[in-house]
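Everything on this sheet refers to the single structure shown next.
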Amino acid sequence: LEDYLFTLFQQNAYWPWAVIIIDVCLVLRLPSRVVRNIICCTLIWLTLRYTETAFRFGLYDAWYTPSQGERRDISDDFYNCTSLPCKRDVSQSIADYLSSASLFLIDYYYTRGFASRLFKERDKMGEVIKTAEHIADSLSKFDLAQ
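In terms of my numbering, the sequence shown is residues 10 to 155.
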């Protein structure tokens with residue numbers, strides 16, 4: 010809802026926080042269904058957001074009811090719009106969607122790889138520590154006097 014309000018008044022949106030949430034989920038090794046659900050919800054929201062920005066089919070109007078006299082017709086001119094958020098060109102909305110979605114998915118891809126390598130390294134270090142403990146234990150039993 011907050012992202013919607015920020016979009017409505019053309020301010021920064023909260024959807025980029027989904028990137029941080031996905032990163033935390035990957036590093037904390039939360040179940041993959043949680044990550045998939047966050048990805049799906051974010052992509053659906055981005056699709057709705059940029060489709061509404063291009064076509065103004067009523068998504069913003071369904072949640073936001075301006076005071077009497079505040080609602081005016083939407084102008085095609087982006088910088089001279091009387092009803093926020095302003096309608097944008099379809100090509101601009103597609104470009105915005107593609108850049109946002111690709112940023113989100115590229116971050117997921119690289120963070121997933123990072124988290125995977127991080128846990129492999131951690132597992133290797135655990136094995137190294139166990140081996141070192143075993144060697145140290147064996148050396149402590151070794152009698153130097155013989």
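C-beta: ideal position from N, C-alpha, C; glycine also.
Exposure of residue i, with buried meaning 16 or more beta-carbon neighbours within 10 Å
i	result
threonine 140	exposed
arginine 45	exposed
phenylalanine 126	It should be noted that the sequence gives arginine, not phenylalanine, for residue 126. Burial call: exposed.
glutamate 61	buried
phenylalanine 151	exposed
phenylalanine 128	exposed
C-beta contact flag for residue i and residue j at 8 angstroms
i	j	result
isoleucine 30	isoleucine 47	yes
alanine 22	threonine 51	no
serine 109	leucine 55	yes
tyrosine 106	tyrosine 59	yes
alanine 63	serine 111	no
Interface flag, residue i vs chain D, CB-CB below 8 angstroms
i	result
valine 99	Structure shown: chain D not included; a single protein chain is present.
Proximal residues to residue i (C-beta, below 8 angstroms), its chain only, five neighbours per side dropped
i	result
aspartate 132	none
phenylalanine 66	Thr60
Inter-residue spacing [alpha-carbon to alpha-carbon] between residue i and residue j
i	j	result
arginine 81	lysine 96	Note that arginine 81 scores a pLDDT of 45, beneath 50, so its modelled location is shaky and nothing firm can be said.
aspartate 32	arginine 42	14 angstroms
valine 137	threonine 120	25 angstroms
Assumed close pair residue i, residue j - CB separation to whole angstroms, cut-off 8 angstroms
i	j	result
alanine 124	leucine 35	4 angstroms
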